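Input: a single structure, listed below in structure tokens.
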Amino acid sequence: MNLTRSLLEATVTLVVLMGLSRWVLGIFGKKTTVFHATATRQLVLLTWPLLAVGTGFAAAGPGLLAPTAAERGLAWALLAAILALAVPALVLHLRYYTLNAATTLVFDPLGGRLQVALDDVLAYDPARQGWPGPGPVEWSRCRWSGVFWRRYEYLRLPLPQGDIILTTLMLSDIQPLVRYLRHFGVEVQERRRAWAWV
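Heads up, the sequence shown is in the numbering used here, so the first residue is 215 and it goes up one at a time.
Now the structure itself:
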């Protein structure tokens, strides 16, 4: 249990330090228009699931080997409940990471710039290729977003060379991109899913 406690303390310390550094950089830096699936972004998305798992092990750990069956049953039930809340977010995160690990998004709505690169090769630029089509853009959102502690949603851009998927691993809030596309007459269909799996 000392290992679990140490991991939990290290995670909390790291999250606090990252939050402070982000706040300081936000004061002195300019707003970014280039988005990547960075390690910091992944850690921010994984904070609550990892804290839940760490807390579950720390709280239930001593009871897992308790002398009575009732205490062991309660400890296992507590651990199962906490894992049931953390595992879906971890699985969604891994899925989104596999989709956007090599994706770079350049999005500047005020400057009228939108570009998507895959493996550092420009894959989509509406200024050159036109707006997505022929089908509508699909914006899928979790119906039960509170279960995951953070928004997990994605945008599917249908292009002649194949669909491009942009997830919340890239852009924490997809609504500005949706508003940008709708401003230029692109049809965006919003879908509510129980689980925003791509």
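The C-beta atom is built at its ideal place from N, Cα and C for all residues, glycine as well. Keep in mind it's a predicted model, so treat the numbers as computed, not measured.
When the five nearest sequence neighbours on each side are left out, the beta carbons in the same chain lying within less than 6 Å of the beta carbon of L306 are those of Y366, in order along the chain. Closest in alpha carbon position to D334, among N314, G344 and S220, is N314. Judged by DSSP in its simplified three-state form, Q403 adopts strand. Beta-bridge analysis with DSSP links S354 to Y368 and R405.
Per the DSSP secondary-structure output, T225 pairs with nothing in a beta bridge.
Between the alpha carbons of P263 and I296 lies a distance of about 9 Å. Scanning its chain for C-beta atoms nearer than 8 Å, with the 5 sequence neighbours on each side dropped, one finds around Y311 the residues A251, Q256 and L383, in chain order. The three-state secondary structure of T312, taken from DSSP, is helix. A Cβ-Cβ separation of about 5 Å places Q403 in contact with P350 under the 8 Å criterion. The DSSP-derived three-state label of L385 is coil. Collapsing the DSSP output to three states places A337 in a strand.
Ranked by Cα distance from E352, the first of L308, L319 and A410 is A410. When the five nearest sequence neighbours on each side are left out, the beta carbons in the same chain lying within less than 8 Å of the beta carbon of R407 are those of S354, R355, C356 and R357, in order along the chain.
Burial of P346 is indicated by the presence of at least 16 other C-beta atoms within 10 angstroms of its C-beta. Non-local beta-carbon contacts of V330 in its own chain, meaning distances under 6 Å to residues more than five positions away in sequence, involve L319, A337, Y338 and I378 in chain order.
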